[in-house]
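Notes follow the structure.
Residue numbers (our numbering): 12 to 530.
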C-alpha cells in the first residue's frame with residue numbers, strides 16, 4: 012500500500028497539475044542548481060524524476076544566493092497545450108514565468124513580473140489569467156491582478172485575502188468547481204502552526220467567504236503526530252473527477268519536541284466535498300494511502316510503467332557517472348562547470364579554494380530521502396598540500412559533516428612518514444562543522460583508492476573508511492531546528508584545492524551509491 016510522504020526528503024512547497032492522465036509536480040529548490048525539479052506520475056503516489064525547469068544560467072544564477080535563498084514556492088499549471096511554471100527568485104529578478112510544450116523537455120527563459128512578495132499563482136478564467144501572490148511588506152496580504160503572459164505586465168492590483176487567522180497567508184492557489192471559485196492559502200507559518208485555509212466566492216476576484224471549518228488540514232493540534240507542519244497545499248483532479256491535494260510536512264525524530272533533518276517533504280491526501288466545501292478526513296494526512304482509490308495504475312510503480320527495472324532514483328542511486336549527471340543530482344549553487352567532468356572512468360572533480368564553509372564549493376549532491384540509508388563513494392585521489400576530496404553531508408555552510416581525504420599530517424601541517432616509509436600516503440579525516448565550532452573526530456591512513464561511506468539511521472551517522480566504522484555523529488545538528496532554513500540534508504562528493512581548479516589534483520569518484528538500508 013502506498014505510504015506518505017510520496018516524495019521524501021527535501022521536497023517542499025509542492026505544486027501539481029494534470030496533462031491528460033499524467034500528473035506533473037515541482038517543488039521549491041532554493042539555492043540549488045538546476046532549479047525547480049520536475050516529477051511525473053500516473054497515480055500521484057509514485058513519482059519519476061524527469062529533469063528541472065531551470066537548467067541554464069540564462070534562467071537561474073544562484074552564485075550569490077544565501078542559504079535558503081533563491082527559488083521559492085512555485086505553481087505548475089497547464090493551459091491550452093502549454094505548461095506554465097511561475098515562481099520567485101528571491102536572489103534576483105523576483106517573480107517570473109517559464110513555459111514548455113513538454114515538462115520533460117526544454118523550458119523557456121523567464122518572463123519577469125514586477126510585483127512584490129513571493130508564492131505566485133496562475134489561474135485562467137475565460138480569456139483572463141489571474142496572477143495571485145503573497146506580499147511580504149508590513150501590510151501582509153494576498154494580492155491579485157490580471158497578467159499578460161506574453162510580457163509579464165500586470166493590471167491594477169487588489170487585495171483578495173488578509174488572513175483568516177493569520178495575515179501571513181502564503182501559498183495562494185485559485186480553483187474553480189461548478190461555477191464557484193476557491194482560494195486555498197497557508198497560514199500559521201511554516202513550522203508547527205502550519206495549516207491550510209480555504210475561502211470561496213462567485214468570482215475569481217473575490218470577496219472570499221472563509222470555510223466554516225477552517226483549517227481544513229493541520230497537525231498543529233497534535234504534537235505527538237508522526238508528521239508536523241502540514242500545509243502549503245495544492246489541489247488537482249484526476250481523470251475521473253476525484254480531487255486530491257499535495258502539501259508539505261516534516262517528520263521529526265529524537266523525542267518531543269523533536270527535530271527534522273531530511274527537510275520538508277511532499278505528502279498526498281484525498282479531498283472530499285461537503286456542502287460545497289473541500290474537506291480532508293480527520294483534518295490530517297493519512298500515513299497510508301488507499302491504493303485502490305489512486306488514479307491510473309492504482310499504486311503500481313511508475314518506474315515499471317516507464318519500462319525501467321529497479322528502484323526509482325528518488326530513493327536509490329548507483330552510478331559510475333559515465334552517462335552524466337542523473338536527474339537526482341544537484342549543485343549547491345550555479346556551478347563552475349569546468350570543475351566537473353563526467354567520464355567513462357567516473358566523475359572527475361577539480362576543487363577550488365572554497366571549502367564547504369563557503370559558497371562556490373565543488374560539490375555534487377543528492378537529497379537524503381531516507382532516515383535509514385547507506386551511502387558510498389569510491390574515490391581515487393592523491394592529494395597535494397591544501398587539497399581535499401571526499402563525501403559530505405550538508406545542510407548549509409555552517410552545518411555539515413564530511414569524511415574527506417587529505418595529505419597525511421606529521422603534526423606540523425606537513426606531509427610526513429606514516430611509519431611504513433611511504434611519505435606520500437594520505438589520510439581520511441572525519442570532520443563536523445556545527446555553527447562556529449569545528450571538530451575532527453577521526454584520522455585514518457588510506458591508499459590512493461579508498462571507499463568512503465556513511466550508514467545513516469534517524470539517530471546516527473556512522474562514518475566508514477574502507478568498510479570500517481571510524482566515527483559517528485548525530486543528525487540532530489544538521490536539522491532545521493539547529494541550522495534554520497528551508498532545505499534538508501544533501502549528500503555527495505566534494506573537492507577543495509587552495510590553488511584553484513586549474514592547478515588542482517583531480518579527484519575521481521569511480522562509483523557513487525545511495526540506497527535505503529532495507530534493500
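Backbone N, C-alpha and C fix where the C-beta goes; we use that ideal spot for every residue, glycine too.
The three-state secondary structure of residue 491, taken from DSSP, is helix. Going by C-alpha positions, residue 201 is about 12 Å away from residue 498. For residue 442, the enclosing beta strand (DSSP E) begins and ends at 437-445.
Closest option to residue 296, judged by alpha-carbon separation, among 468, 57 and 206: 206.
For residue 24, the number of other beta carbons within 10 angstroms of its own is at least 16, and it is reported as buried. The segment 512-524 makes contact with the segment 380-398; the number of CB pairs closer than 8 Å reaches 3 or more.
By the 16-neighbour rule on beta-carbons within 10 angstroms, residue 12 is exposed. Per the DSSP secondary-structure output, residue 519 pairs in a beta bridge with 359 and 391. Straight-line measurement puts the Cα of residue 237 at about 24 Å from the Cα of residue 405. If you draw a straight line from the Cα of residue 357 to the Cα of residue 328, it comes to about 14 Å.
Contact between residue 131 and residue 152 is ruled out by a C-beta separation of about 14 Å, above the 8 Å threshold. Under the DSSP definition of a beta bridge, residue 283 partners with 290.
In the DSSP annotation of this structure, the continuous segment of the beta strand (DSSP E) that includes residue 97 starts and ends at 93-100. With contacts defined as CB atoms closer than 7 Å, residue 168 and residue 181 fail to qualify as a contacting pair. With respect to residue 413, residue 380 sits apart: the two C-beta atoms are not nearer than 7 Å. The beta-carbon separation of residue 377 and residue 341, rounded to 7 Å, stays under the 8 Å limit for a contact. With 16 or more neighbouring CB atoms inside 10 Å of its own CB, residue 401 falls in the buried class. Cα atoms of residue 81 and residue 397: separation of roughly 31 Å, rounded to the nearest angstrom. Sixteen is the threshold: since fewer than 16 other Cβ atoms of the shown chains lie within 10 Å of the Cβ of residue 69, the residue is exposed. The beta carbon of residue 500 sits closer than 6 Å to those of 272, 379, 404, 406 and 489, all from its chain and outside the five residues before and after it, given in chain order.
For residue 460, same chain residues with a beta-carbon under 6 Å away, outside a window of 5 residues either side, are 391 in chain order.
Taking every protein chain shown into account, the CB of residue 480 has fewer than 16 other CB atoms within 10 angstroms, so this residue is exposed. The segment 19-96 contains, as complete beta strand (DSSP E) runs of 3+ residues, the segments 26-30, 33-37, 46-52, 59-65 and 86-90 (chain order). The C-alpha of residue 517 is placed about 44 Å away from the C-alpha of residue 125. Residue 154 is bridged by DSSP to 144 and 170.
A Cβ-Cβ contact shorter than 7 Å links residue 60 with residue 324.
Inclusion of residue 16 and residue 277 in the CB contact set at 7 Å is warranted, their separation being smaller than that value. In this structure, residue 415 lies away from residue 512, with their beta-carbon atoms at least 7 Å apart.
The straight-line gap separating the alpha-carbon atoms of residue 67 and residue 223 is approximately 46 Å. Between the alpha carbons of residue 91 and residue 35 lies a gap of roughly 16 Å.
Residue 367 is a Cβ neighbour of residue 411, given a cutoff of 7 Å. Cβ-Cβ distances below 6 Å link residue 118 to 64, 109 and 111 in the same chain, with the five nearest sequence neighbours on each side left out; the list follows chain order. Taking 7 Å as the cut-off, the beta carbon of residue 83 is found no closer than this to the beta carbon of residue 97.
With respect to the 7 Å criterion, residue 128 and residue 145 are classified as neighbours on the basis of their beta carbons.
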